[in-house]
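Participant: Taken in sequence, the protein lines are chains B and Z.
FYI, the numbering used here numbers position 280 of the first sequence as 280, with every residue one higher than the one before it.
Count along the second sequence starting at 1, add 1000, and that's the number in the numbering used here.
My questions will all concern the structure given below.
Protein chains: 2
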Amino acid sequence: MNNFTFYSPTEFVFGKDSELQVADLVKKYGGSNILLVFGGGSIFKSGLLDRIENKLDSANITYSRLGGIQPNPLDTKVYQGIELCRKDKIDLILAVGGGSVIDTAKAIAAGVLYEGDFWDYFEGKEIPKKALKVGVVLTIPAAGSEGSGNSVITKVQTLQKLSLRTPGVLRPVFSIMNPELTYTLPAYHTAAGIVDMMAHIMERYFSNTKEVELTDSLCESLLKVIIKEALRLKEDPTNYGARASIMWAGTLAHNGILGTGREEDWASHFMEHEISALYGVAHGAGLAVVFPAWMSYVARHNVDKIAQYAIRVWDVTPNGKDKHEIAKQGIALLKVFLKEIGMPTTFSELGIDQPNIDEMVKRLHQNMGESIGNYLGLNAKDTQKIYNLMK
Amino acid sequence: MNNFTFYSPTEFVFGKDSELQVADLVKKYGGSNILLVFGGGSIFKSGLLDRIENKLDSANITYSRLGGIQPNPLDTKVYQGIELCRKDKIDLILAVGGGSVIDTAKAIAAGVLYEGDFWDYFEGKEIPKKALKVGVVLTIPAAGSEGSGNSVITKVQTLQKLSLRTPGVLRPVFSIMNPELTYTLPAYHTAAGIVDMMAHIMERYFSNTKEVELTDSLCESLLKVIIKEALRLKEDPTNYGARASIMWAGTLAHNGILGTGREEDWASHFMEHEISALYGVAHGAGLAVVFPAWMSYVARHNVDKIAQYAIRVWDVTPNGKDKHEIAKQGIALLKVFLKEIGMPTTFSELGIDQPNIDEMVKRLHQNMGESIGNYLGLNAKDTQKIYNLMK
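This is how it looks when you write it as structure tokens:
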């Protein structure tokens, strides 16, 4: 087990009607004049935004608004938000939505208190040391941004999709999580969210660090529960227990606890970022295409952990088989599951008929360096082959 | 799954040499003139206290000292600490030790900022809203106090052993955890610590709350890893991987994550508190005696979760057996394990030849109310029978 620091200071308020506590929580964390950040139609239709604004009004909390945040959120909205915060002297940002909305709120929160261009942080030129406080009302369980110190933003001009990871500075001060708010999430987005959280676990799980049975075992448990609950949700989208499990699992998948003491991988995420940057697909759907291809490729060179995953997560029986065969069966079962929940596993199923693989490989290594990932370091030749496996 | 709030704002700094960061962390959290709280001989012998004081000296952090904290820590030391803090204008308390030392530091931290008697908090007459900051250098993995908001103190005059549970106020601001510091822990105390952390998981696991597969599964994983690592440690007490797993498992067992969304039990802890209050035994050893007896008794009335535990944690094969039989086998395997790691499973093995059961039952219900526990509510007749099973 490696040395580590783990710091997760977010207050999670979870359950039915938890959004009714929004004004109390905003006040508790010093918000009196806040910025509301949100996305598109669903929170209007569901009345959620109205309910939140009513609560804020009743508590004499004033607010400005920044709406229309889209999936794969853009830097342009961040600049707009930073300007708004400065102009309106905002003291806390409340994100109402999923990962894109929360990531935008975090980037704004860091940018407001920085004299330079907030993009410096995403390019790794500077490390954020302070930020406005961010609170969350979560509506899409997927990205885990409600419990992480991370943010992923795409720069419109260059289509660079980069991530910022901070140990603690950007963690939300509170996250309100009501599983009932996810009842109306379409099946496709529910499934994409599920793949995203599974990917967050697998990026940590596939590691060469020794003596990590504790976190291995927690990862495997969480994956198995997510798989089971995903199938239950497919049949019954308003099953509270299943929605609640999926929602909390998404947070635990990405708040860092599963990565304690181990090297993580993240090559699949970086490869997917190039797909969604170029083609605007849902991140989780992109990961459904990347992960089996990545696993098939790396298993040829470093099979142990993929075989362990096949046995422990997908119940592949090991008797008499070599590890490559076991790994292959595990990957096949992952694909069956992905199809079962309506996810693509090829470029064409993702709606990309002629993927520009050369361009993605070029941009990937420009953005992330010559070698990406840790379970197996991948150079441009490797990633080219892996993208080709997705055809 | 029930509604819940989860808030765990402690910064955990884990791994080899992590204690070298003590002065940086004290400063980071605003400590400049601190109280060092510690126990007996081992931290002198190992040179740990010296090393910490040297680090503090080099950083110009001044400190007062309160040593000699004993297992089952006493209110008298808390009063002494409160006085010291007020006299010396202490701004942070650094606990160097295990659960007793940390619990004492927390009680002092709450008491300093309270005008009344700190014991009011433990009797539930008042709820602490503020406290001095507490930092930790952990030397005994067991109580989980390094990551919890709880404290357990015994009142000398009345031998009441009461616990205080706060959602966040008393959580340490940082906890330094170096598994190497536990290499010299005697086998008996290592084992007692392991039972304590297993008990913290089981108090949460045995619950009637429905739809908690997520946390059930995390509990089971953690228990299985602890059991495996305990046996490895028995053979090889300086195995870093095993020490590290046990140390981190002890924190996860009790920082609240495993209890999210579920009713917890705690009857076994309350029953043990009466044993250690009267007979001064190690808390973990006491729990080794209580838990199998409690499980045998409650299984007669509410068998489901005990049977699930037997199957999933102890790999009891269910085929053809009724749940009571399965539960029985699980409990028997727990006892075999406890004996294997050198723990007692009866009063006499605990060194108590003539337990005053009537007195324990009387005090238990005086302290904790007519009915204790949630998995099965236990009145005085029930607890009398359970204590008798420990003979």
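Ideal placement from N, C-alpha and C gives every residue a C-beta, glycine not left out.
Could you tell me whether any Cβ in chain Z is nearer than 8 Å to the Cβ of B/Tyr309?
Facilitator: Position 309 of the first sequence, counted from the start, is the residue given in the question as residue 309 of chain B. Taking Cβ atoms only, chain Z never reaches closer than 8 Å to B/Tyr309, which makes this a no.
Participant: Taking Cβ positions, are Z/Ala1142 and Z/Gly1342 nearer each other than 8 Å?
Facilitator: On the second sequence, residue 1142 of chain Z is found 142 positions in, with the first residue counted as 1. On the second sequence, residue 1342 of chain Z is found 342 positions in, with the first residue counted as 1. Contact flag unset, no.
Participant: Name the residues in the stretch 1-17 of chain B whose C-beta lies less than 9 Å from a C-beta of chain Z; which are they?
Facilitator: Met1, Asn2, Asn3, Phe4, Thr5, Phe6, Tyr7, Ser8, Pro9, Thr10, Glu11, Phe12, Val13, Phe14, Gly15, Lys16 and Asp17
Participant: Could you run through the stretch 163-195 of chain B and flag, in chain order, every residue whose CB is less than 7 Å away from some CB of chain Z?
Facilitator: none
Participant: Quickly, what does DSSP pair Z/Ile1176 with across the bridge? List them, please.
Facilitator: Within the second sequence, residue 1176 of chain Z is the residue found at index 176, counting from 1. Beta-bridge pairing links Z/Ile1176 to Z/Val1013 and Z/Val1137.
Participant: Measure the beta-carbon distance from Z/His1254 to Z/His1301 and round it to whole angstroms, keeping in mind my assumption that it falls under 8 Å.
Facilitator: Locating residue 1254 of chain Z in the second sequence gives position 254, where the first residue counts as 1. Locating residue 1301 of chain Z in the second sequence gives position 301, where the first residue counts as 1. Going by Cβ atoms, the distance from Z/His1254 to Z/His1301 rounds to 27 Å, so no, they are not a contact pair.
Participant: Roughly how many angstroms lie between the CA atoms of Z/Ala1285 and Z/Ala1277, to the nearest whole one?
Facilitator: Here residue 1285 of chain Z refers to the residue found at position 285 of the second sequence. Here residue 1277 of chain Z refers to the residue found at position 277 of the second sequence. Using only the alpha carbons, I get a separation of about 13 Å.
Participant: What are the residues of the stretch 1358-1388 of chain Z that lie near chain B, defined by any Cβ-Cβ distance shorter than 7 Å?
Facilitator: none
Participant: Going along the chain, which unbroken runs of the alpha helix (DSSP H) with 4 or more residues stay wholly within the stretch 21-65 of chain B?
Facilitator: 22-28, 42-45 and 48-58
Participant: Out of curiosity, what's the CA-to-CA distance linking Z/Gly1241 and Z/Gly1135?
Facilitator: As a working note, residue 1241 of chain Z is residue 241 in the second sequence. As a working note, residue 1135 of chain Z is residue 135 in the second sequence. The alpha-carbon atoms of Z/Gly1241 and Z/Gly1135 are separated by roughly 25 Å.
Participant: Closer than 8 Å, CB to CB, is B/Val225 near chain Z or not?
Facilitator: To locate residue 225 of chain B, count along the first sequence from 1; it is residue 225. By this cut-off, B/Val225 is an interface position.
Participant: For B/Lys97, which beta-bridge partners are listed by DSSP?
Facilitator: Taking the first sequence and counting its residues from 1, the one referred to as residue 97 of chain B is at position 97. According to the sequence shown, residue 97 of chain B is Gly rather than Lys. Per DSSP, B/Leu138.
Participant: On the three-pair Cβ rule with 8 Å, is the stretch 73-88 of chain B touching the stretch 51-58 of chain B?
Facilitator: no
Participant: I'd like the span of the alpha helix (DSSP H) that includes B/Thr328, first residue to last.
Facilitator: Position 328 of the first sequence, counted from the first residue, corresponds to residue 328 of chain B. Looking at the sequence itself, residue 328 of chain B is Lys, so the reference to Thr does not match. First-last of the alpha helix (DSSP H) with B/Lys328: Lys323 to Glu340.
Participant: Starting from the beta carbon of B/Ala249, find every residue of chain Z whose beta carbon is closer than 7 Å, and list them in chain order.
Facilitator: Residue numbering aside, residue 249 of chain B sits at position 249 when the first sequence is read from its first letter. Neighbours of B/Ala249 on chain Z, chain order: Leu1214.
Participant: How about the stretch 1263-1280 of chain Z and the stretch 1363-1377 of chain Z: do they share at least three Cβ pairs that are nearer than 8 Å?
Facilitator: yes
Participant: Taking DSSP's pairing of strands, which residues face Z/Lys1161 in a bridge?
Facilitator: For the purposes of this step, residue 1161 of chain Z is identified with residue 161 of the second sequence, where counting begins at 1. Note: Z/Lys1161 sits in a beta bridge opposite Z/Thr1154.
Participant: Write down every uninterrupted run of the alpha helix (DSSP H) in the stretch 1215-1263 of chain Z whose length is 4 residues or greater and which is fully enclosed by it, in chain order.
Facilitator: 1240-1252
Participant: Taking just the CA atoms, how far does Z/Ile1034 sit from B/Ile311?
Facilitator: Against the first sequence, residue 311 of chain B aligns to sequence position 311. Against the second sequence, residue 1034 of chain Z aligns to sequence position 34. Spanning the two alpha carbons is a distance of roughly 51 Å.
Participant: Here's a check: name, in chain order, each residue in its chain whose Cβ is nearer than 6 Å to the Cβ of B/Gln366, leaving out the five neighbours to either side.
Facilitator: What you label residue 366 of chain B is simply residue 366 of the first sequence in a count that begins at 1. Excluding residues within five positions, none has a Cβ falling inside 6 Å.
Participant: DSSP state of B/Ile372, grouped into three classes?
Facilitator: For the purposes of this step, residue 372 of chain B is taken as the residue at position 372 of the first sequence. If DSSP states are grouped into helix, strand and coil, B/Ile372 belongs with the strands.
Participant: Considering just the uninterrupted stretch of the alpha helix (DSSP H) at Z/Ser1296, what are its terminal residues?
Facilitator: Here residue 1296 of chain Z is taken as the residue at index 296 of the second sequence, counted from 1. Taken as a continuous stretch (DSSP letters only), the alpha helix (DSSP H) holding Z/Ser1296 covers His1283 to His1301.
Participant: Could you tell me which chain B residues have their CB closer than 8 Å to the CB of Z/Leu1025, listed as they occur along the chain?
Facilitator: Taking the second sequence and counting its residues from 1, one reaches residue 1025 of chain Z at position 25. The premise fails here: Z/Leu1025 is roughly 10 Å from chain B at the closest Cβ pair, so nothing lies under 8 Å.
Participant: Give a yes or no on whether 8 Å exceeds the smallest Cβ distance from B/Leu218 to chain Z.
Facilitator: Position 218 of the first sequence, counted from the start, is the residue given in the question as residue 218 of chain B. Yes, because at least one Cβ of chain Z sits closer than 8 Å to the Cβ of B/Leu218.
Participant: Could you tell me the alpha carbon to alpha carbon distance between Z/Thr1238 and Z/Gly1097, rounded to whole angstroms?
Facilitator: Along the second sequence, one-based indexing puts residue 1238 of chain Z at 238. Along the second sequence, one-based indexing puts residue 1097 of chain Z at 97. The straight-line gap from Cα to Cα measures roughly 19 Å.
Participant: CA-CA distance, Z/Arg1387 and B/Glu19?
Facilitator: For the purposes of this step, residue 1387 of chain Z is identified with residue 387 of the second sequence, where counting begins at 1. For the purposes of this step, residue 19 of chain B is identified with residue 19 of the first sequence, where counting begins at 1. Before going on, a small fix: residue 1387 of chain Z reads as Tyr here, not Arg. Cα atoms of Z/Tyr1387 and B/Glu19: separation of roughly 45 Å, rounded to the nearest angstrom.
Participant: Check the Cβ-Cβ distances between B/Glu211 and every residue of chain Z, and say whether any is below 8 Å.
Facilitator: Against the first sequence, residue 211 of chain B aligns to sequence position 211. It does: the Cβ of B/Glu211 has a partner Cβ on chain Z nearer than 8 Å.
Participant: Around the C-beta of Z/Ile1108, are 16 or more other C-beta atoms found within 10 angstroms, so that it is buried, or is it exposed?
Facilitator: The residue labelled residue 1108 of chain Z in the question sits at position 108 within the second sequence. Buried: at least 16 other Cβ atoms inside 10 Å.
Participant: Looking only at its chain, what residues have a beta carbon closer than 7 Å to the beta carbon of B/Tyr279, apart from the 5 residues adjacent to it on each side?
Facilitator: Here residue 279 of chain B is taken as the residue at index 279 of the first sequence, counted from 1. Ile352.
Participant: Please state the DSSP three-state secondary structure of Z/Ser1008.
Facilitator: Reading the second sequence from its first residue, position 8 is the one you call residue 1008 of chain Z. Strand.
Participant: Residues of chain B with a CB under 8 Å from the CB of Z/Ser1151: which are they?
Facilitator: Position 151 of the second sequence, counted from the first residue, corresponds to residue 1151 of chain Z. Neighbours of Z/Ser1151 on chain B: none; closest Cβ ~20 Å, over 8 Å.
Participant: Mind pulling the chain Z residues with CB within less than 7 Å of B/Gly111?
Facilitator: By 1-based counting over the first sequence, the position of residue 111 of chain B is 111. Residues of chain Z passing the Cβ test: none, with the nearest at roughly 24 Å.
Participant: If you follow the alpha helix (DSSP H) that Z/Ala1380 is part of, which residue opens it and which one closes it?
Facilitator: Locating residue 1380 of chain Z in the second sequence gives position 380, where the first residue counts as 1. For Z/Ala1380, the enclosing alpha helix (DSSP H) starts and ends at Ala1380 to Leu1389.
Participant: Which partner residues of B/Leu113 appear in the DSSP bridge assignment?
Facilitator: The sequence position of residue 113 of chain B within the first sequence is 113, counting from 1. The partner list for B/Leu113 (beta bridge, DSSP) is empty, contrary to what the question assumes.
Participant: Please look up how many angstroms separate the CB atoms of Z/Gly1149 and Z/Val1169, rounded, as I've assumed it's under 8 Å.
Facilitator: In the second sequence, residue 1149 of chain Z corresponds to position 149, counting from 1. In the second sequence, residue 1169 of chain Z corresponds to position 169, counting from 1. Contact flag correct, Cβ pair sits at about 6 Å.
Participant: Between the Cα of B/Leu287 and the Cα atoms of B/Val316, B/Lys323 and B/Lys339, which residue gives the shortest distance?
Facilitator: Taking the first residue of the first sequence as position 1, residue 287 of chain B is located at position 287. Considering only alpha carbons, the answer is B/Lys339.
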